[in-house]
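Participant: Attaching a single structure in structure tokens format; questions to follow.
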Amino acid sequence: AHATLDRAEPRVGNKVAAAPREVTLWFTQKLEAAFSTITVTNAAGERVDSGKTRVNGSQMSVSLRPGGSGTYHVTWRVLSVDSHTTDGSFTFQVGQ
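Letter 12 of the sequence shown, counting from 1, is numbered -7 in my numbering, and no numbers are missing.
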């Protein structure tokens, strides 16, 4: 089996009032930290992530800089401890 996205905060497709300080993803398997990344872009297509993905077991997160309102695009790629890579993406909305 591969590591699949179990849940995310902010939730996939969710609308939040203000830009979050970080994006956190939970997976179905433990991850290899050196080969697992999250990239987040704002509505203008600018990267708003810190570039420093943190991995703790099956959880992965990245801090965000302020990026305004609109649609945020989260792209992830992980290597699970079973040596399989998986990737995916989703969006969430920021603002009223």
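Glycine is no exception: its CB is placed at the ideal position from the N, C-alpha and C atoms. Given the structure is predicted, the values throughout are model-derived calculations rather than measurements.
Count the other C-beta atoms from every protein chain shown that fall within 10 angstroms of the C-beta of residue 30, then say buried if there are 16 or more, exposed otherwise.
Facilitator: Per the 10 Å Cβ criterion, buried.
Participant: When we look at the beta-carbon of residue 62 and count the other beta-carbons within 10 Å, is it buried (16 or more) or exposed?
Facilitator: With fewer than 16 Cβ atoms within 10 Å of its Cβ, residue 62 is classed as exposed.
Participant: Apart from the five residues on each side of it in sequence, which residues of its chain come closer than 6 Å, Cβ to Cβ, to residue 28?
Facilitator: 22, listed in sequence order.
Participant: Contact check, residue 67 vs residue -16 under 8 Å by CB: the rounded distance?
Facilitator: About 6 Å; that satisfies the 8 Å criterion.
Participant: When you compare each of 34, 49 and 48 to residue 42 by their alpha carbons, which one comes out closest?
Facilitator: For residue 42, the nearest C-alpha among the options comes from 34.
Participant: May I have the straight-line CA-CA distance separating residue 37 from residue 11, to the nearest angstrom?
Facilitator: For residue 37 and residue 11, the distance between alpha carbons rounds to 8 Å.
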